[in-house]
Amino acid sequence: PVPASAPAPAPAPSALPPGAFADLDRGVASRVESDEFSAAARELERARSRRSEAAWIAGIDERQAALEKKAFDALPRFLEPALAASNEGRADEVERLRGFIAAIPAVAAEFDRRVAVKSASPKPGPAPSAPKPAPPKPAPPKPPPSELAAYKPKWEAAMAARDPAKIVATLEGVLKGLKAADAKAEAAADIALVKLAVPLRDEALAALTRLPKDQRVKLDFSDDASVVGSFEGTVQSADAVRIRLSTDAGALDLPVSELSDETLGRLHALRGDGKAAAVWCALRSLPEAAAKLDATLPAKYVEVAKRPAPREADPDRRAFWQGYVDAGMIRSRAAGLDRLAKLQAPRYRPFIDLLLEGAKEAFFSGTDLTMTGTWAAQEREKVGTVWLSTTDVKTGHAAAEVEYYALADQPYRAWVLAGGCCQEVFGFTVQATGLKGIDPKTKEETSYEPGDATGQAVKIPLMSLKKLHSQHVGPKEPDRWDWIPVPLPKAEAAGAKKLRLLTDQKGFAIAHVVVSATRKGPPGAAELKELLRDRPTSPRFTVSPGPASGKPTRTAYYGGHGGGEFEEPAPAGAVLVGFKYSAKGSGGRMKYLQAIYRLGEQTSRGGNHGSTDTSAELVAKPGYAVGQMVMSTSDRLDGFKLVFMRQSGGRLLAGDSYESPWVGAPLKGEAKTLGDGSAVGGIFGHAGNEVDGVGLLLLK
Numbered sequence: 021p022v023p024a025s026a027p028a029p030a031p032a033p034s035a036l037p038p039g040a041f042a043d044l045d046r047g048v049a050s051r052v053e054s055d056e057f058s059a060a061a062r063e064l065e066r067a068r069s070r071r072s073e074a075a076w077i078a079g080i081d082e083r084q085a086a087l088e089k090k091a092f093d094a095l096p097r098f099l100e101p102a103l104a105a106s107n108e109g110r111a112d113e114v115e116r117l118r119g120f121i122a123a124i125p126a127v128a129a130e131f132d133r134r135v136a137v138k139s140a141s142p143k144p145g146p147a148p149s150a151p152k153p154a155p156p157k158p159a160p161p162k163p164p165p166s167e168l169a170a171y172k173p174k175w176e177a178a179m180a181a182r183d184p185a186k187i188v189a190t191l192e193g194v195l196k197g198l199k200a201a202d203a204k205a206e207a208a209a210d211i212a213l214v215k216l217a218v219p220l221r222d223e224a225l226a227a228l229t230r231l232p233k234d235q236r237v238k239l240d241f242s243d244d245a246s247v248v249g250s251f252e253g254t255v256q257s258a259d260a261v262r263i264r265l266s267t268d269a270g271a272l273d274l275p276v277s278e279l280s281d282e283t284l285g286r287l288h289a290l291r292g293d294g295k296a297a298a299v300w301c302a303l304r305s306l307p308e309a310a311a312k313l314d315a316t317l318p319a320k321y322v323e324v325a326k327r328p329a330p331r332e333a334d335p336d337r338r339a340f341w342q343g344y345v346d347a348g349m350i351r352s353r354a355a356g357l358d359r360l361a362k363l364q365a366p367r368y369r370p371f372i373d374l375l376l377e378g379a380k381e382a383f384f385s386g387t388d389l390t391m392t393g394t395w396a397a398q399e400r401e402k403v404g405t406v407w408l409s410t411t412d413v414k415t416g417h418a419a420a421e422v423e424y425y426a427l428a429d430q431p432y433r434a435w436v437l438a439g440g441c442c443q444e445v446f447g448f449t450v451q452a453t454g455l456k457g458i459d460p461k462t463k464e465e466t467s468y469e470p471g472d473a474t475g476q477a478v479k480i481p482l483m484s485l486k487k488l489h490s491q492h493v494g495p496k497e498p499d500r501w502d503w504i505p506v507p508l509p510k511a512e513a514a515g516a517k518k519l520r521l522l523t524d525q526k527g528f529a530i531a532h533v534v535v536s537a538t539r540k541g542p543p544g545a546a547e548l549k550e551l552l553r554d555r556p557t558s559p560r561f562t563v564s565p566g567p568a569s570g571k572p573t574r575t576a577y578y579g580g581h582g583g584g585e586f587e588e589p590a591p592a593g594a595v596l597v598g599f600k601y602s603a604k605g606s607g608g609r610m611k612y613l614q615a616i617y618r619l620g621e622q623t624s625r626g627g628n629h630g631s632t633d634t635s636a637e638l639v640a641k642p643g644y645a646v647g648q649m650v651m652s653t654s655d656r657l658d659g660f661k662l663v664f665m666r667q668s669g670g671r672l673l674a675g676d677s678y679e680s681p682w683v684g685a686p687l688k689g690e691a692k693t694l695g696d697g698s699a700v701g702g703i704f705g706h707a708g709n710e711v712d713g714v715g716l717l718l719l720k
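Residue numbering for the sequence shown follows our numbering, starting at 21 and increasing by one per position.
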């Protein structure tokens, strides 16, 4: 191909990506709500060096000016107690109050001027040279603020902890130092009120276990930023670790530790007293819930509820939810359990151990299998949806792969419900993680790892079938079905393992795969119906698509090296959702390719690669993005299909996926696959008059 002219470099962005200041603004707002103006100022100054764009620097300057104005507006709240402390000679209290605004020079200077003027002692006059009339008596000193007024900032400081037990401990210490009856009465009332919320979590869970068996309840679960999932059903059982909820979609095990604060408040209110739940919700910045639970809640607690609670990023919590979401779908279950097993945070270990105990069996059907090669999904009477090999493969194999999580030192077994018409068509081989066997040619031990050149032959049960297809009439079709046992090695270490089934025969079909460490044989007809009924077909926890992030990492590259080389990163935060393409090159190969990216509801397009032509598009439906690209290549990009996976936040859920049609030249031999389910943040390759080859940039 003739090299195409190199594309002009993309112009530098004129504006920051959407939401660039979002996290910073939330943090500053939280500091300001707590009157921590110095902390907010330091946070803005630290943020200044994060980016170099002029728009970023201007935004920091604008926010610093706004912060200074807010600090000036709040200054009277610090001056009154500071003047009182100065009159009483309590320099340490003056310095503590000054610390709230000390990092903002103009405000600190005004504080110093006002406090110095108010607290300065009158200078003695010069010694009289002659008797003079006595000067008038100075005005009596301004009385210090009442003890009740001085109590309020101490109460505010205690409430900043947001934890009922810590607040009670702090206020009890304050109460010991109070003398005025009105201040002592208010402090005692606050202690009694907040004490109601101390046992709330335990009492809420106890209320959950006492619900009538037919009473439906709504449970929300959250991470450190938002609600991850909301479920409604009846409680089968609950303890300190797990809630088993019976939902319309089946039984679901849920982590007690991740119940949302509002859910805990609602559950506690079922006991008939909403006051404790209202205080709890106020401390958790849930003003609407607090007001709904108790309309008599003191106004100062409602004001606390309106302030955003400070939130620290919790990497362990995010890692837990990422693993749990993946573990909820069969196709990604092994990867999810593997991620959870590596999480050492004590908070999650009891629940994770329960999930891992369930890894002793896995059932795969339909889209749970990863298919490579000439397979087609078909419906078969009495069997349902099956994968059918549609072509005799001359070179290589068509492959079906499942991934399961194996516990250490457990003897796993597998069975495949396979279809065929004779022993030749039924014949298939297997590869598995850690599988070894005797090579029939060399008579020496060899490995049969997924991706090796050959697999271990599977022994077919005794069936009254012809040995060769040429010995009977009719097409190669799966008109006979049977469960076939498949050998698996004993896992030396726990982790995700792969099982790969290989065939070169047209007419071979796969319906289901069972992997188990406990069962002695395949499921019967009645049990199979139950397994199909309970099999999750969509993610139970979903998060709206959000910006993706990570280090762009190249996949393998497939194709020729003619034409001009290109590398094209996606816009910041966006992910690859499809291609505009033309398959009008020589022999039906790819003549043109243009990447399509999406961030939220905004779609953008990459550069033109190859020769522009009347083009079609393969684009993911809303909520999905490209997770893999399956392709065939020679010295050109011959053809491809895309595997679309659900986007959850900035990552992809391999367990909820679907495939595009194949486009371009028909597949010959074994296809190549790019991508591992990571979000795709760009493409690279070679193109001239046609598209020579392509690779993906994964966000790792």
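For glycine and all other residues, C-beta sits at the position ideal for the given N, C-alpha and C.
**Q.** Contact the segment 278 to 298 vs the segment 224 to 238: 3+ CB pairs below 8 Å
**A.** Output reads yes: the segment 224 to 238 touches the segment 278 to 298.
(Q) Suppose the cutoff is 8 Å on Cβ atoms and the five residues either side in sequence are ignored; what does the same chain contact list for V137 look like? (A) Within the sequence shown, the letter at position 117 stands for residue 137. The pLDDT assigned to V137 is 43, lower than 50, so where the model puts this residue is not dependable; a value taken from the coordinates is nonetheless given after this. Cβ neighbours of V137 beyond the five flanking positions: none.
Q | DSSP state of K607 mapped onto helix, strand, coil | A | Residue 607 sits at position 587 when you count from the first residue of the sequence shown. A small correction: the amino acid at residue 607 is Gly; Lys does not occupy that position in the sequence shown. Helix.
Q) What number of angstroms, rounded off, separates the C-alpha of Q614 from the C-alpha of Q364? A) The residue labelled residue 614 in the question sits at position 594 within the sequence shown. The residue labelled residue 364 in the question sits at position 344 within the sequence shown. The alpha-carbon atoms of Q614 and Q364 are separated by roughly 43 Å.
Q | Reduced DSSP category for D43 - H, G, I as helix; E, B as strand; rest coil | A | For this step, residue 43 is matched to residue 23 along the sequence shown. In this structure, D43 counts as helix in the three-state DSSP scheme.
Q) Where does V127 land, buried or exposed, given buried means 16+ other C-beta within 10 angstroms? A) Counting from one through the sequence shown, the residue named residue 127 turns up at place 107. It is buried - the Cβ of V127 has at least 16 other Cβ atoms within 10 Å.
Q) Going by beta carbon distance, what residues of the same chain come within less than 6 Å of A739, once the five residues before and after it are set aside? A) For residue 739 there is no data in the structure shown, the boundaries of the chain being 21 and 720.
**Q.** M483 classed as buried or exposed, judged by whether at least 16 other C-beta atoms fall within 10 angstroms
**A.** Sequence index remark: in the sequence shown, residue 483 carries index 463 (1-based). With fewer than 16 other Cβ atoms within 10 Å, it is exposed.
Q. Which one or two residues does DSSP pair with W501 in a beta bridge?
A. Reading the sequence shown from its first residue, position 481 is the one you call residue 501. DSSP, once it has assigned bridges, lists G439 as partnering W501.
Q. Straight-line CA distance for A208 to K196?
A. As a working note, residue 208 is residue 188 in the sequence shown. As a working note, residue 196 is residue 176 in the sequence shown. Rounded to the nearest angstrom, the two C-alpha atoms are 10 Å apart.
Q. Can you list, in chain order, the stretches of the alpha helix (DSSP H) that have 4 or more residues and sit fully within the segment 511 to 554?
A. Within the segment 511 to 554, the complete alpha helix (DSSP H) runs of at least 4 residues are 545 to 554.
Q: State the CB to CB distance for the pair A339 and R353, rounded to an integer number of angstroms; the pair is presumed to be in contact (CB under 8 Å).
A: Taking the first residue of the sequence shown as position 1, residue 339 is located at position 319. Taking the first residue of the sequence shown as position 1, residue 353 is located at position 333. With 8 Å as the limit, A339 and R353 do not qualify as a contact, their Cβ atoms being about 16 Å apart.
Q: Kindly list the residues whose CB is nearer than 7 Å to the CB of G79, restricted to its own chain and excluding five residues on each side of it in sequence; keep chain order.
A: Locating residue 79 in the sequence shown gives position 59, where the first residue counts as 1. Taken in chain order, the residues that qualify are F41.
Q: List in chain order: all unbroken alpha helix (DSSP H) runs of 4+ residues lying wholly within the segment 38 to 120.
A: Here the runs fully enclosed are 42 to 53, 57 to 67, 74 to 107 and 111 to 119.
Q: Could you have a look at Q667 and say whether DSSP puts it in helix, strand or coil?
A: Here residue 667 is taken as the residue at index 647 of the sequence shown, counted from 1. The three-state secondary structure of Q667, taken from DSSP, is strand.
Q: Out of R230, S106 and L99, point me to the one whose CA is closest to A129's CA.
A: Taking the sequence shown and counting its residues from 1, the one referred to as residue 129 is at position 109. Comparing Cα positions, the closest option is L99.
Q) Under the criterion of a Cβ to heavy atom distance below 8 Å, does R656 qualify as lining the ligand GTP? A) Of the ligands one can find in the structure shown there are none, so the ligand GTP has no counterpart to examine.
(Q) Please give the ranges of any beta strand (DSSP E) in the segment 400 to 439, keeping only runs that are unbroken, at least 3 residues long and fully inside the region. (A) Taken in chain order, the complete beta strand (DSSP E) segments of 3 residues or longer contained in the segment 400 to 439 are 404 to 409 and 418 to 426.
Q) In whole angstroms, what separates the C-alpha of V533 from that of T392? A) On the sequence shown, residue 533 is found 513 positions in, with the first residue counted as 1. On the sequence shown, residue 392 is found 372 positions in, with the first residue counted as 1. Straight-line Cα distance between these residues: approximately 16 Å.
Q. Which ranges would you report for the alpha helix (DSSP H) in the segment 237 to 312 if only whole runs of at least 4 residues count?
A. Counting whole runs of 4 or more residues, the segment 237 to 312 contains the alpha helix (DSSP H) stretches 281 to 289 and 294 to 303.
**Q.** Closest residue to L279 among Y612, F241 and K720 (Cα-Cα distance)
**A.** Residue 279 sits at position 259 when you count from the first residue of the sequence shown. Restricting attention to Y612, F241 and K720, the CA atom closest to the CA of L279 is found in F241.
Q: Give a yes or no on contact between the segment 598 to 618 and the segment 643 to 657, applying the rule of three or more CB pairs nearer than 8 Å.
A: When Cβ pairs closer than 8 Å are counted between the two stretches, the segment 598 to 618 is seen to touch the segment 643 to 657, the count reaching three or more.
Q. Sorted by chain position, which residues of the same chain lie with C-beta nearer than 7 Å to T538's C-beta, five sequence neighbours on each side aside?
A. By 1-based counting over the sequence shown, the position of residue 538 is 518. K380 and E381, listed in sequence order.
**Q.** Beta-carbon contacts of A178 that lie in its chain and below 6 Å, excluding the five residues immediately before and after
**A.** Residue 178 sits at position 158 when you count from the first residue of the sequence shown. For A178, where only same-chain residues beyond five positions count, the Cβ hits under 6 Å are I187, T190 and L191.
Q. In the DSSP assignment, what are the bridge partners of T392?
A. The residue you call residue 392 lines up with position 372 of the sequence shown. According to DSSP, which records beta bridges pairwise, T392 is partnered with A419.
(Q) For G775, which residues in the same chain have their Cβ closer than 7 Å to its Cβ, ignoring the five residues on either side in sequence? (A) Limits of the chain in this structure are 21 at one end and 720 at the other, which puts residue 775 out of reach.
Q) In or out: H492 buried (at least 16 other Cβ within 10 Å) or exposed? A) Reading the sequence shown from its first residue, position 472 is the one you call residue 492. By the 10 Å Cβ count, H492 comes out exposed.
Q | Opening and closing residue of the beta strand (DSSP E) in which M649 lies | A | Counting from one through the sequence shown, the residue named residue 649 turns up at place 629. Taken as a continuous stretch (DSSP letters only), the beta strand (DSSP E) holding M649 covers Y644 to T653.
Q) When burial is assigned at 16 or more other CB atoms within 10 Å of the CB, is P498 buried or exposed? A) Locating residue 498 in the sequence shown gives position 478, where the first residue counts as 1. Buried is the call here.
(Q) I'd like to check one pair, M649 with L718: are the Cβ atoms closer than 9 Å? (A) Within the sequence shown, the letter at position 698 stands for residue 718. Within the sequence shown, the letter at position 629 stands for residue 649. Taking C-beta atoms as the reference points, L718 and M649 fail to come closer than 9 Å.
Q: Could you check which residue in T390, K295 and Y468 has the C-alpha nearest to that of R351?
A: Locating residue 351 in the sequence shown gives position 331, counting from the first residue. Of the candidates T390, K295 and Y468, T390 places its Cα closest to the Cα of R351.
Q.
Tell me the residue span of the beta strand (DSSP E) that contains V711.
A. Start at 1 with the first residue of the sequence shown, and residue 711 comes out as number 691. Boundaries of the beta strand (DSSP E) around V711: V711 to L719.
Q. In chain order, what residues of the same chain lie with their CB nearer than 8 Å to the CB of G689, ignoring the 5 residues before and after it?
A. Residue 689 sits at position 669 when you count from the first residue of the sequence shown. V413, K414, T415, G416 and S652.
Q. Buried or exposed: K463, going by 16 or more other Cβ atoms within 10 Å of its Cβ?
A. Here residue 463 is taken as the residue at index 443 of the sequence shown, counted from 1. Around the beta carbon of K463, fewer than 16 other beta carbons sit within 10 angstroms, so the residue counts as exposed.
(Q) So, for A452: in the same chain, excluding its five sequence neighbours on each side, which residues have a beta-carbon less than 6 Å away from its beta-carbon? (A) Residue numbering aside, residue 452 sits at position 432 when the sequence shown is read from its first letter. Excluding positions up to five away in sequence, the list reads L508 and L519.
**Q.** Inter-residue Cα distance where the pair is F528 and G439
**A.** In the sequence shown, counting from the first residue as 1, residue 528 sits at position 508. In the sequence shown, counting from the first residue as 1, residue 439 sits at position 419. Cα to Cα, F528 sits roughly 6 Å from G439.
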